[in-house]
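*Asks:* For the sequence shown, this note's numbering gives the first residue as 702, with consecutive numbering after it.
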Amino acid sequence: MTKRTIFVANAVLNGNEKKYVNDCLDSGWISSHGKYVEEFEKKFAVFCDTKCAVSCCNGTVALHLSLLGQDVGPGDEIIMPTLTYIATANAVRYCGAKPVFIDSDAETWNINPDLIEEKISKRTKGIIVVHLYGHPVDMDPVLKIARDNNLFVIEDAAEAHGALYKNKVVGSLGDAGSFSFYGNKIITTGEGGMVTTNNQLLAEKIRTLKGQGVDPNKRYWHSVVGYNYRMTNIEAAIGLAQLENIGWHLQKRREIAGLYNKYLACLQEYIHLPVEKKWAHHAFWMYSVLLKDNVRLSRDEFITELQDSGIETRPVFYPMHVLPPYFEKNAHYPVAEKIAARGINLPTHATLTKEDIQFISETIEKICNT
Ligand SMILES: *Cc1c(COP(=O)(O)O)cnc(C)c1O
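Shown next as C-alpha cells:
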C-alpha cells in the first residue's frame, strides 16, 4: 500500500498554460524571441505597478542583473539579511563584491532595519532586502537609510509576488525588484526570473546585459561583456497564463493561511504562528511556524515525525554566515540562528483542502503533546 504524501509545494497549471505552450510549438516560436516574452513582461510590469519589467532565465540571474545594473564590482560591499536563500548572497559574489550580513527581525523574519547603519562602511554600495516567505520588509526605514547614505536598494521578491507594503506592490519600492518563477514559487514558468524597475535607462541596460551585450541598433556589435540570460517564449507562455490567474493563486494561499491560523490557534504555547504586520499584506509563499522551547523535540525530529505521517515540510534556510562559502567565525546573529534552528515551512499551495490542513494541524498537535 502506498501512503499518500501531502507535498510542501505544488505547481498548479490550471489556466491557459497548455493552450499558449501549444501555440509556441505550433508556430515554431520556442526560443527567446516571441510574443509571449513581450506580453509577459508588459503584464508583469502592470501587475507590479512599475514602468518596466525585463525577463530572464531564473531568479538568481535576476539578482545578478540587478546588481550589474548598479555597476557592482570587486571591492564593493552589499548589505543583505543573513537569513535568506543562498542565491541572494551568490549573486553578490558573482559580481566580485562582498555580502555583509544583518540579523533578522524576530516577528517578520526579515532584515532588521535597526541593525543596518552600524554595518555601513566606505565600501557599501547598496542594500538587498528579501521579502522572506512572502512577508514584506519594513521598507520605509530601509529606504531612508539608503537615501541618507546614497545606497541603492534591490528587493529580492522571489518569494513574494503580489505582497503589499503599505498598499504598494513589492518590486516597485526600491531601485529594482527581482523575481523568481521556479517551480515552487507563487507563480511559475518552470525556471524563470524578472527584474522590475521604474528606471527606463536601468531596464535598457539590463536588457542589453542579458542579451550578450549586443548593441540594439547594430547587429553583432558588443560594446560590453554581456550574458545569455534570456527567458524562452515557452517559459513566458506559461508565465503569462500563470499571471492571468495570480489573483486566484494568491487568494488560495490566503485561505490556506487562514485555515492554519484557525486550527493551530490552540497550540500557541508550543508554536509561534506567522505574523502579518498592520502595514503588510502577506503573499504566503510559505506558511512558516517556529517551535517554542517547550516542544521537547528538535526541529529535525519534528520534521521526521510529520514525514512519518505523510506530511512533507521544509526546514527554514540556514543563515548565510554558517554556510561554507560565507562562513564567519565567531559571528552571532541570534534571531536568525534561532529561526533557522526552530523554523518549519508547512505545506502551502493551492490544491490543499480544508481536510488536509485539519489533518496537518491535528498531527502537529499530537506531536507537540507527546
Ligand atoms: C528562489 C529564490 C531565489 C532564486 O531563484 P531561482 O529562480 O531559483 O534562481 C532568490 N532569492 C530567493 C529569496 C529565493 O527564494
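Note that CB positions come from ideal geometry on N, CA and C, so glycine has one too.
Spatial neighbours of residue 910 within its chain, please: C-beta separation below 8 Å, excluding the five flanking residues on both sides.
*Replies:* Answer for residue 910: 766, 769, 770, 925, 927, 928 and 930, listed in chain order.
*Asks:* Is residue 894 near ligand 1, with its Cβ less than 7 Å from a heavy atom?
*Replies:* Flag set: Cβ of residue 894 near ligand 1.
*Asks:* Do residue 810 and residue 844 have their CB atoms nearer than 8 Å?
*Replies:* Their beta carbons are not under 8 Å apart, which means residue 810 does not touch residue 844 by this criterion.
*Asks:* Please name the residue, chosen from 1022, 887 and 971, that lies closest to residue 1065 on a Cα-to-Cα basis.
*Replies:* Measuring from the Cα of residue 1065, the nearest candidate turns out to be 971.
*Asks:* Which residues in the same chain have their Cβ closer than 7 Å to the Cβ of residue 702, if we skip the five residues on either side of it in sequence?
*Replies:* Summary for residue 702: the model assigns pLDDT 48, below 50, so the residue's position carries little reliability; its value from the coordinates is reported in the next sentence. Correct list: empty, nothing qualifies.
*Asks:* Among 1015, 983 and 965, which one has its Cα closest to the Cα of residue 838?
*Replies:* Per the Cα distances, 983.
*Asks:* State the start and end residues of the unbroken alpha helix (DSSP H) segment that holds residue 1035.
*Replies:* First-last of the alpha helix (DSSP H) with residue 1035: 1035 to 1043.
*Asks:* Ligand 1 heavy atoms versus the CB of residue 915: any closer than 7 Å?
*Replies:* Result no, Cβ not under 7 Å from ligand 1.
*Asks:* To which residues of the same chain is residue 1013 closer than 7 Å at the C-beta, ignoring the five residues directly before and after it?
*Replies:* So the list reads 706, 707, 708, 709 and 1048, once near-sequence residues are dropped.
*Asks:* In terms of residue numbering, what span does the beta strand (DSSP E) encompassing residue 898 cover?
*Replies:* Counting along the chain, the beta strand (DSSP E) containing residue 898 begins and ends at 894 to 898.
*Asks:* Which ranges does the alpha helix (DSSP H) cover as unbroken runs of at least 4 residues, wholly within the segment 768 to 817, from first to last along the chain?
*Replies:* For the segment 768 to 817, whole alpha helix (DSSP H) runs of length 4 or above, ordered along the chain, are 787 to 795.
*Asks:* For residue 806, is the beta carbon positioned less than 7 Å from some heavy atom of ligand 2?
*Replies:* Judged by which ligands are present, ligand 2 is missing from the structure shown, whose ligands are ligand 1.
*Asks:* Using a threshold of 8 Å, state whether the C-beta atoms of residue 805 and residue 1037 are closer than that.
*Replies:* For residue 805 and residue 1037, yes; Cβs fall inside 8 Å.
*Asks:* At what residue ranges does the segment 886 to 943 contain a whole run of the alpha helix (DSSP H), taking only runs of 4 or more?
*Replies:* Qualifying alpha helix (DSSP H) stretches, in chain order: 901 to 911.
*Asks:* Determine the DSSP secondary structure at residue 953, reduced to helix, strand or coil.
*Replies:* DSSP places residue 953 in helix when its eight states are reduced to three.
*Asks:* How long is the line joining the alpha carbons of residue 945 and residue 883, rounded to whole angstroms?
*Replies:* Roughly 17 Å separates the two Cα atoms.
*Asks:* Any chance the segment 951 to 962 sits against the segment 980 to 994, with 3 or more Cβ pairs inside 8 Å?
*Replies:* Yes, the segment 951 to 962 touches the segment 980 to 994.
*Asks:* How long is the line joining the alpha carbons of residue 1062 and residue 967, rounded to whole angstroms?
*Replies:* Roughly 10 Å between the two C-alpha positions.
*Asks:* Between the alpha carbons of residue 774 and residue 791, how many angstroms are there, rounded?
*Replies:* If I take the Cα positions, the gap works out to 13 Å.
*Asks:* Quick test of the definition: if touching needs 3 or more C-beta pairs under 8 Å, does the segment 911 to 925 touch the segment 1016 to 1029?
*Replies:* With the cut-off at 8 Å, the segment 911 to 925 and the segment 1016 to 1029 do not touch.
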